[in-house]
Amino acid sequence: MTKTINLNNPLFQTAMPLLEAIESHGYEAYFVGGCVRDALLGKEIHDIDIATSATPDEIQGIFPVTFDVGKKHGTIVVVYKKENYEITTFRTEGTYSDRRRPDQVNFVRNLREDTLRRDFTINALALDRLGRVYDYHGGEQDLQAGIIRAVGTAMERFDEDALRMMRALRFASQLGFEIESQTFEAIGQLAPNLSYVSIERIRIELSKLMQGDYLGTSYKALTESGLCAYLLGMEQVDALSVWQQVYETLAAQIAAGLARDERLVWWALVKALGLDSTQARAFLRDWKHSNPFIKDVSDLLELDQAFASGPLDAWQLYQMPTHVLAIYETYAFHQGWLSQSNQLSQAKAQLPLASRSDLAINGQKVMEALGLSRGNAGLGRLLLELERQVVMGDLPNEPAVLLAQAQALGADYLES
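Just so you know, the sequence shown maps onto residues 596 to 1011 in the numbering used here.
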């Protein structure tokens, strides 16, 4: 224990009764991990993690509402005031044959033993309910110096879980810290082990890395470490050139202190890789992104390509989802391409239609007016053309005018 910090943060205060309840039953309990690190850095705290000398069974005996998310590894979720809290028993770990999870864990009663399994010194800090910090590995000193250092031997930590190498780079990008030399050397030596890690776990860390405020320095560490060669779809690329382009695409928003949407940073990556929409969708599917996410990134790519060719016309604006426009126009504004940060959204809001449901006629009215049978394959294409002409300002959105135009266009669009 080296110092005391203020625990007035609402997240600490809300969780404090959990520590008190555990201690009242004769066990130790501490806040651990990222919440302690961020509190010491004066940063916003997002999640509360608790470590304890109590076993999972003992935790379940203390709290009335719990559920098992990883009991054999020591973790129980306690539901308190409608919030979920992960409480994990102090433990030591065996070998990591899959380089992801320990083959076995042994529950212990000692906090120091538990901290030996942590990844980095800055994440191996603990905090008791009186605000006293427990630091067995020099984490506070590394926080002050801006250093990311593995707990114990870096080669061992990364051999246990290869994802920790990506986490080191992610923390460098988020915090602006330098990776300690032996830790960085170990990443270079064990970079091939990243291939053992699931793509979903790597994706989470890569997203956070790309969203970091210090991407401008961390991307260089990513390429120099050799890890980039083991990122899916980037095995054969000029890594330094690609990541420099990613950074340059995002630099204006980073400088402005703006958060970067996850879809924006992945768009910056597929753009730097020189992928077209079809290739980008395949690339993002390989990275196990969701279909809505893939569509949004693909839309951003198409929007950027259209924007590069000149001002967007009304039909291009109309077809683009509003939330995608909002992401892109913030980017374009900070590039100096737009005079207002909501310029595209405003232009779309002024269009004569917000969606096809606003069209003054529908398929049923067209069928009745033209005497069509249900299921005519050309009806959808005809309605789309009427919709386009209204959006472009070529036709007023009036039933009589639209039906007359449907009559005039019918021969070109409808099946006889």
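All residues carry an ideal CB built from backbone N, CA and C; glycine is no exception. None of the values given here were measured: they were computed from a predicted structure.
First and last residue of the uninterrupted beta strand (DSSP E) at residue i
i: Gly621; result: Note, Gly621: premise wrong, no beta strand (DSSP E); not H, not E.
i: Val700; result: 700-702
i: Val664; result: 661-665
Beta-carbon spacing of residue i, residue j below 9 Å
i: Ala863; j: Met805; result: yes
i: Ile645; j: Leu613; result: yes
i: Val673; j: Asp714; result: no
i: Pro775; j: Asp737; result: The displayed chain sequence assigns Glu, not Pro, to residue 775. Yes, these two residues count as a Cβ contact at 9 Å.
i: Phe772; j: Ile717; result: yes
i: Val892; j: Trp861; result: yes
i: Glu897; j: Ser872; result: yes
i: Arg724; j: Glu615; result: yes
Alpha helix (DSSP H) segment containing residue i, residue limits
i: Gly811; result: 810-820
i: Ile782; result: 776-785
i: Phe878; result: 872-881
i: Ser802; result: 794-805
i: Asn886; result: 886-903
i: Phe766; result: 758-770
i: Gly1005; result: 994-1008
i: Tyr913; result: 909-914
Reduced DSSP secondary structure (H/G/I, E/B, other) of residue i
i: Thr647; result: strand
i: Ala851; result: coil
i: Ala745; result: strand
i: Ile640; result: coil
i: Phe607; result: helix
i: Val865; result: helix
i: Phe658; result: coil
i: Ile600; result: coil
i: Val832; result: coil
i: Glu545; result: Outside the shown range of the chain (596 to 1011) lies residue 545, about which nothing can therefore be said.
Residue-level contact to chain C via CB, residue i, 9 Å cutoff
i: Ala824; result: Of the protein chains in the structure, only one exists, and it is not chain C.
Self-check item: Contact between the segment 948-961 and the segment 980-991 (3+ Cβ pairs under 8 Å)
Solution: Segments in contact, yes.
Exercise. Any chance you could list the beta strand (DSSP E) runs of at least 3 consecutive residues sitting entirely within the segment 674-737, in chain order?
Key: The qualifying runs are 678-684, 686-688, 700-702.
Quiz item: Can you give, in chain order, each stretch of the alpha helix (DSSP H) that sits fully within the segment 927-979 and has at least 4 residues?
Solution: With a minimum length of 4 residues, the continuous alpha helix (DSSP H) runs that stay inside the segment 927-979 are 938-944, 958-965.
Practice problem: Count the C-beta pairs between the segment 740-759 and the segment 768-785 that are closer than 8 Å, then say yes if the count reaches three, no if not. | Solution: Counting Cβ pairs under 8 Å, three or more are found: they touch.
Quiz item: Is it true that the segment 991-1008 meets the segment 956-975, where meeting means three or more beta-carbon pairs spaced less than 8 Å apart?
Solution: Yes, the segment 991-1008 is in contact with the segment 956-975.
Quiz item: Counting Cβ pairs closer than 8 Å, one from the segment 620-638 and one from the segment 658-678, do we hit at least three?
Solution: Remark: fewer than three beta-carbon pairs, one from each stretch, lie closer than 8 Å, so the segment 620-638 and the segment 658-678 are not flagged as touching.
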